[in-house]
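A.B. asks:
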Amino acid sequence: MIYHSTRSASLRADSAHAVLEGLAADGGLYVPQALPKFDWKKCLEGSAMDMAVDILSALLPDIPNMQELVRRAYTGKFATEELTPTVPVGDFHVLELFHGPTSAFKDVALCMLPQLLTAARSAKGVKEDILILTATSGDTGKAALEGFKDVDGIKICVFYPDGGVSQVQRAQMVTQEGNNVTVCAVKGNFDDAQTGVKQIFAACRDKELPNRLSSANSINIGRLAPQIMYYFKAYRDLLDAGEIKMGDEVNFSVPTGNFGDILAGYLAKKLGLPVGRLICASNANNVLTDFIRTGTYDRMRPLYKTTSPSMDILVSSNLERLLYLLSGDTELVAGLMKQLSENGSYTVPADLLSAIQEQFWADFCDDAGANTVMGKVWQKYHYVCDPHTAAGWMAAENYVNQTGDDRAMVVLSTASPYKFPEAVLTAIGEVPAGDGFDQMEQLNAATGVAIPKNLASLRTKAERHTGVIEKTEMLDFVLGL
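Put into structure tokens, the structure is as follows:
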């Protein structure tokens, strides 16, 4: 299956090579030349793992033995065999994506990506080790570290913004064990770290290096593709619950910062799943909300630190893929990305904006709004959600109120509330006390919701990765690994 860069149709790779490279040579993101024919109804008949096999086999056909890769990726790693259960909460349905080994939605993809990369490496006859470079706004880092820990032939280096993640998120990363892992804080924000990683790829493109570079961020199609599964799984759950009939459209409200999570929903729709409107939920860093409403993407604004740090992003890399998928115009995309790099903003043509607005609706939720939602959902439904999920909930409510759309609504819950205990405790009327670990115990006492085992064990783990560097030092740091 042929993939090409979003910025040049002539820059091609098969699906295994696209996964290995992560980022195309011109800085673009790999997209399929054409999506395969796909029997979406048949896909719904299987388990979550069966769905993953069907979807990944269709999108990444040059990677062999997909059934075995999926089995290795997920067996015994999630708290439930369902992997991503959907539960009713009030008038909505919550797709719980936090039952994996690091209690965040990234686990679905980052348990799978190491299997895809090692199989692609073998299929392409690559001999040198692969060095995974990843920037994280909070959740990707730990999920990638855990997924790639002690995987033969692969090393991983994760950069995170110093002071820009929650205490629990930081503890997850800096205590990470494994002989092949490196973690380092960067002075700056997530966009600085993400830009630094992209610049490293560009600077090393023609260098002779001991390691082959790749990425675990959702710029890598091997990271994005596994996320499609849980949209199918949610649809199957609603069918089983009698909430919808086969063929009914379902709306999804998705907390998103880098646009990968919601783009997976759009790809599910392109594969045939009856997805209605995709609601893009942001926090106070509402660059995506403004873009979807106006057609102008403007990153030249303050980046706020919020209680939902995984969405503290102003440069949403995966939006580039959507621009191509809806326009089919690599020259247009290349021009827009050049404007973003040089001027900090771009405006899409009117017909492209119309196409975006036909598929997506957008809203945002600041910290005060998230606090209100978390408190309300707890008081009314006795359900505990984190600040990212609260943004998705508020956007879903506002969408329904403003449009009257009565199709079934699924809100994606992207992280355990125990990753952000201070914000959740405050919202449900408690007074947080002590450090993040004390607050986890306090939240457990107040709600009776069990603390995930992987988070409960953090307190006693030693910190192993405590380095902090300037963003200008990232390249030298990587070359020294």
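Residue 309 in the numbering used here sits at position 309 of the sequence shown, and the numbers go up by one each step.
Glycine included, every Cβ here is placed at the ideal spot set by N, Cα and C.
Across which residues does DSSP place PHE364 in a beta bridge pair?
C.D. replies: Here residue 364 refers to the residue found at position 364 when the sequence shown is read from its first residue. For PHE364, which the question treats as bridged, DSSP gives the partners SER282.
A.B. asks: If you run the structure through DSSP and keep just helix, strand and coil, what is GLY222?
C.D. replies: For the purposes of this step, residue 222 is identified with residue 222 of the sequence shown, where counting begins at 1. Looking at GLY222 - three-state DSSP - the assignment turns out to be helix.
A.B. asks: What number of angstroms, rounded off, separates the C-alpha of GLY260 from the C-alpha of LYS380?
C.D. replies: Working through the sequence shown from its first residue, we reach residue 260 at position 260. Working through the sequence shown from its first residue, we reach residue 380 at position 380. When rounded, the distance between both Cα atoms is 31 angstroms.
A.B. asks: Relative to the C-alpha of GLN33, which candidate in ALA450, ILE451, LEU326 has its C-alpha closest?
C.D. replies: Residue mapping note: residue 33 aligns to position 33 of the sequence shown, counting from 1. Nearest of ALA450, ILE451, LEU326 to GLN33, Cα basis: LEU326.
A.B. asks: What does the alpha-carbon distance come out to for the pair MET1 and VAL410?
C.D. replies: In the sequence shown, residue 1 corresponds to position 1, counting from 1. In the sequence shown, residue 410 corresponds to position 410, counting from 1. Their Cα atoms are separated by approximately 32 angstroms.
A.B. asks: Per the DSSP calculation, MET409 is bridged to which residue(s)?
C.D. replies: In the sequence shown, counting from the first residue as 1, residue 409 sits at position 409. Paired residues: ASN251.
A.B. asks: Determine the direct distance from the alpha carbon of LEU145 to that of ALA216, and round the result to whole angstroms.
C.D. replies: The residue labelled residue 216 in the question sits at position 216 within the sequence shown. The residue labelled residue 145 in the question sits at position 145 within the sequence shown. Spanning the two alpha carbons is a distance of roughly 10 angstroms.
A.B. asks: State the CB to CB distance for the pair GLY436 and GLN227, rounded to an integer number of angstroms; the pair is presumed to be in contact (CB under 8 angstroms).
C.D. replies: Position 436 of the sequence shown, counted from the start, is the residue given in the question as residue 436. Position 227 of the sequence shown, counted from the start, is the residue given in the question as residue 227. With 8 angstroms as the limit, GLY436 and GLN227 do not qualify as a contact, their Cβ atoms being about 27 angstroms apart.
A.B. asks: Can you look up SER345 in the DSSP assignment and give me helix, strand or coil?
C.D. replies: What you label residue 345 is simply residue 345 of the sequence shown in a count that begins at 1. Three-state DSSP puts SER345 in a strand.
A.B. asks: Between which two residues does the beta strand (DSSP E) harbouring PHE38 extend?
C.D. replies: Within the sequence shown, the letter at position 38 stands for residue 38. Looking at the DSSP string, PHE38 is not in any beta strand (DSSP E), and its letter there is neither H nor E.
A.B. asks: Take MET337 as the anchor and find which of THR307, PHE232, ARG299 has the nearest alpha-carbon.
C.D. replies: Mapped onto the sequence shown, residue 337 falls at position 337. For the residues THR307, PHE232, ARG299, the minimum Cα distance to MET337 belongs to ARG299.
A.B. asks: Helix, strand or coil, according to DSSP, for ILE154 in the structure here?
C.D. replies: What you label residue 154 is simply residue 154 of the sequence shown in a count that begins at 1. Note: ILE154 maps to strand in three-state DSSP.
A.B. asks: Between the alpha carbons of VAL348 and THR289, how many angstroms are there, rounded?
C.D. replies: Mapped onto the sequence shown, residue 348 falls at position 348. Mapped onto the sequence shown, residue 289 falls at position 289. Answer to the nearest angstrom: the Cα atoms are 14 angstroms apart.
A.B. asks: Distance check for SER218 and ALA135, CA to CA, integer angstroms please.
C.D. replies: Counted from its first residue, the sequence shown places residue 135 at position 135. Counted from its first residue, the sequence shown places residue 218 at position 218. The alpha-carbon atoms of ALA135 and SER218 are separated by roughly 10 angstroms.
A.B. asks: Buried or exposed: MET173, going by 16 or more other Cβ atoms within 10 Å of its Cβ?
C.D. replies: For the purposes of this step, residue 173 is taken as the residue at position 173 of the sequence shown. Per the 10 Å Cβ criterion, buried.
A.B. asks: Would you kindly report the start and end of the unbroken alpha helix (DSSP H) that includes LYS198?
C.D. replies: Translated into positions along the sequence shown, residue 198 becomes position 198. 190-204 is the extent of the alpha helix (DSSP H) around LYS198.
A.B. asks: Below 8 angstroms, can you find three or more Cβ-Cβ pairs linking the stretch 240-258 to the stretch 271-281?
C.D. replies: A contact exists between the stretch 240-258 and the stretch 271-281.
A.B. asks: Does the beta-carbon of PRO85 have 16 or more other beta-carbons within 10 angstroms, so that it is buried, or is it exposed?
C.D. replies: Start at 1 with the first residue of the sequence shown, and residue 85 comes out as number 85. Looking at its Cβ environment, which holds 16 or more other Cβ atoms inside 10 Å, PRO85 is buried.
A.B. asks: From the DSSP output, read off the bridge partner residues of ASN211.
C.D. replies: As a first step, residue 211 is located in the sequence shown; it is residue number 211 there, counting from the start. ASP129.
A.B. asks: Return yes when the Cβ of PHE364 is within less than 8 angstroms of the Cβ of PRO387, no when it is not.
C.D. replies: By 1-based counting over the sequence shown, the position of residue 387 is 387. By 1-based counting over the sequence shown, the position of residue 364 is 364. No, these two residues do not count as a Cβ contact at 8 angstroms.
A.B. asks: Name the two residues that bound the continuous alpha helix (DSSP H) containing PRO452.
C.D. replies: For the purposes of this step, residue 452 is identified with residue 452 of the sequence shown, where counting begins at 1. Run containing PRO452: none; DSSP gives neither H nor E here.
A.B. asks: From which residue to which residue does the alpha helix (DSSP H) around ILE356 run?
C.D. replies: Your numbering for residue 356 matches position 356 in the sequence shown. Unbroken alpha helix (DSSP H) run through ILE356: 350-359.
A.B. asks: Would you mind sorting PRO210 into buried or exposed? The rule is 16 or more other CB atoms within 10 Å of its CB.
C.D. replies: Taking the sequence shown and counting its residues from 1, the one referred to as residue 210 is at position 210. Exposed, because fewer than 16 other Cβ atoms sit within 10 Å of the Cβ of PRO210.
A.B. asks: Ordered along the chain, which non-local residues of its own chain (more than five positions away) have a Cβ less than 7 angstroms from that of ASP150?
C.D. replies: Numbered from its first residue, the sequence shown carries residue 150 at position 150. Hits under 7 angstroms: GLY178, ASN179, ASN180.
A.B. asks: Whose CA, out of THR6, PHE78, TYR297, ALA13, lies closest to the CA of LYS453?
C.D. replies: The count along the sequence shown starts at 1 and reaches residue 453 at position 453. Of THR6, PHE78, TYR297, ALA13, the residue nearest in Cα terms is PHE78.
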